[in-house]
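Asker:
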């Protein structure tokens, strides 16, 4: 009985948080700005004794390939559609087969360090894509404090309440973690990301306390950042259309001019230290698009900053009703996505058809 009541209470909390997340209670509710701090501290007394690996059949999960050669993935799934470097010292190989199998494989030194899965045909045991949120709450012991021992240090990651019910983190086996992304509208599991401990602490997707020296990412050239930003932007474009396909909506065609404008706005926000739809120098979205001479019936824009990558950005929008409403715009037909460093802009337009 107590277990049943716990499930009911947690699910009701999830329902409330899904619609009142502090991430969206902003004066500008269509812009997400996230920053995660890492503080140094003594972790010896902070180990959560409840944190234990999940019992599951590894042979029925793609997680079994973490730490193994990427060639095994190529043998199983073929050649990827594209590849790009990430800011975390590994490369992403993207397989885009829509709902059947959207897969991003993180590879470092020819070894798999991360999987991101949003397709129904790729095994993600002990989870399943579209698993109802109440089943996630019932089957797994969700924790707000996760201790991670990695080759580059010991970290304690702290999840806020909205994290716990929109993107919980679980230890699935020794040195392997799973981050789940829930859909606040359908209350189902949208995607699963498996990763090793080193990748997790390098990305630092939650507030954290660390013991020892903090990891400092390498410096990148402007050219390297351009390639990384384009890769992350394409992730957002593909995930947007994957989501729209699942919801029975038409896909949005990637528009080169809108993408250029999105890149310019992201760069403008970064360089001029503001975070808003209206640029002090270039105006609001309508003004910024006027020079394109498009016959636009409707124009929408999503913004985000300081999320760890495009995947995390889309996951945040998935749990923000205001952002998701724009992604779900029924009559929209084109979009542009562009990033600069960790700023990202998505423009969604309904262009009048001739």
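In the working numbering, the protein residues as written are 48 to 401.
For every residue, glycine included, the Cβ atom is placed at its ideal position computed from N, Cα and C.
None of these values were measured; they are calculated from a predicted model.
Does the Cβ-Cβ distance between residue 381 and residue 299 come in under 8 Å?
Answerer: Contact: yes.
Asker: Is DSSP giving residue 97 helix, strand or coil here?
Answerer: Residue confidence is low: residue 97 scores 48 on pLDDT, short of 50, so the model does not pin down where it sits. No coordinate-derived value is stated.
Asker: With distance defined between alpha-carbon atoms, name the residue in 391, 259, 123, 208 nearest to residue 351.
Answerer: For the residues 391, 259, 123, 208, the minimum Cα distance to residue 351 belongs to 391.
Asker: Assign residue 355 to one of three DSSP states: helix, strand, or coil.
Answerer: DSSP places residue 355 in coil when its eight states are reduced to three.
Asker: Where does the unbroken beta strand (DSSP E) through residue 138 begin, and where does it stop?
Answerer: Here the beta strand (DSSP E) through residue 138 covers 138-143.
Asker: Going by beta-carbon coordinates alone, are residue 135 and residue 250 separated by less than 8 Å?
Answerer: Yes, Cβ-Cβ distance for residue 135 and residue 250 is below 8 Å.
Asker: Between residue 74 and the rest of its own chain, which residues show a CB-CB distance below 6 Å, the 5 nearest in sequence each way excluded?
Answerer: With a pLDDT of only 37 at residue 74, under 50, the local geometry of the prediction cannot be trusted, and no value is derived from it.
Asker: Taking the alpha-carbon positions, what's the residue 171 to residue 342 distance?
Answerer: About 44 Å.
Asker: Please list the terminal residues of the continuous alpha helix (DSSP H) segment that includes residue 308.
Answerer: Here the alpha helix (DSSP H) through residue 308 covers 303-319.
Asker: Can the beta-carbon of residue 195 be found closer than 8 Å to that of residue 247?
Answerer: The answer is yes: Cβ separation under 8 Å.
Asker: Using the beta-carbon count (16 or more within 10 Å), is residue 173 buried or exposed?
Answerer: Buried, since its Cβ has 16 or more Cβ neighbours within 10 Å.
Asker: For residue 189, name the three-state secondary structure that DSSP assigns.
Answerer: Residue 189 falls in the coil class under three-state DSSP.
Asker: Report yes if the CB atom of residue 354 is closer than 8 Å to the CB atom of residue 389, and no otherwise.
Answerer: Their beta carbons are under 8 Å apart, which means residue 354 touches residue 389 by this criterion.
Asker: Please work out which residues of its chain come closer than 7 Å, Cβ to Cβ, to residue 169, disregarding the five sequence neighbours upstream and downstream, and give them in chain order.
Answerer: 109, 148, 150, listed in sequence order.
Asker: Can you check the stretch 327-381 for any alpha helix (DSSP H) of at least 4 residues that lies completely inside it and give the ranges in chain order?
Answerer: Here the runs fully enclosed are 332-336, 357-365, 368-374.
Asker: If you draw a straight line from the alpha carbon of residue 363 to that of residue 336, how long is it in whole angstroms?
Answerer: When rounded, the distance between both Cα atoms is 26 Å.
Asker: Could you give the distance in angstroms between the alpha-carbon of residue 276 and the alpha-carbon of residue 311?
Answerer: Spanning the two alpha carbons is a distance of roughly 12 Å.
Asker: With distances taken between CB atoms, is the gap from residue 238 to residue 164 smaller than 8 Å?
Answerer: Yes, the Cβ-Cβ distance between residue 238 and residue 164 is below 8 Å.
Asker: Within the chosen definition, does the stretch 107-127 reach the stretch 364-371 through at least 3 CB pairs nearer than 8 Å?
Answerer: No contact exists between the stretch 107-127 and the stretch 364-371.
Asker: Excluding the 5 residues preceding and the 5 following residue 189 in the sequence, name in chain order all residues of the same chain whose CB lies nearer than 6 Å to its CB.
Answerer: Closer than 6 Å at the Cβ level, and outside the excluded window around residue 189, lie 211, 215.
Asker: How big is the Cα-Cα spacing for residue 383 and residue 333?
Answerer: Going from the Cα of residue 383 to the Cα of residue 333 covers about 14 Å.
Asker: Would residue 224 and residue 244 qualify as a contact pair, given that the criterion is a beta-carbon distance under 8 Å?
Answerer: Cβ atoms of residue 224 and residue 244: closer than 8 Å.
Asker: Span of the beta strand (DSSP E) holding residue 277?
Answerer: Looking at the DSSP string, residue 277 is not in any beta strand (DSSP E); the run it does join, the alpha helix (DSSP H), is 269-293.
Asker: At the level of alpha carbons, what is the spacing between residue 176 and residue 166?
Answerer: C-alpha separation (whole angstroms): 7 Å.
Asker: To the nearest angstrom, report how far apart residue 138 and residue 160 are at their CA atoms.
Answerer: Approximately 10 Å, taken between the alpha carbons.
Asker: Near residue 399, which residues of its chain fall below 8 Å by C-beta distance, leaving aside the five closest residues on each side in sequence?
Answerer: Closer than 8 Å at the Cβ level, and outside the excluded window around residue 399, lie 342, 343, 344.
Asker: On the DSSP bridge assignment, give the partners of residue 211 in chain order.
Answerer: Per DSSP, none; premise fails for residue 211.
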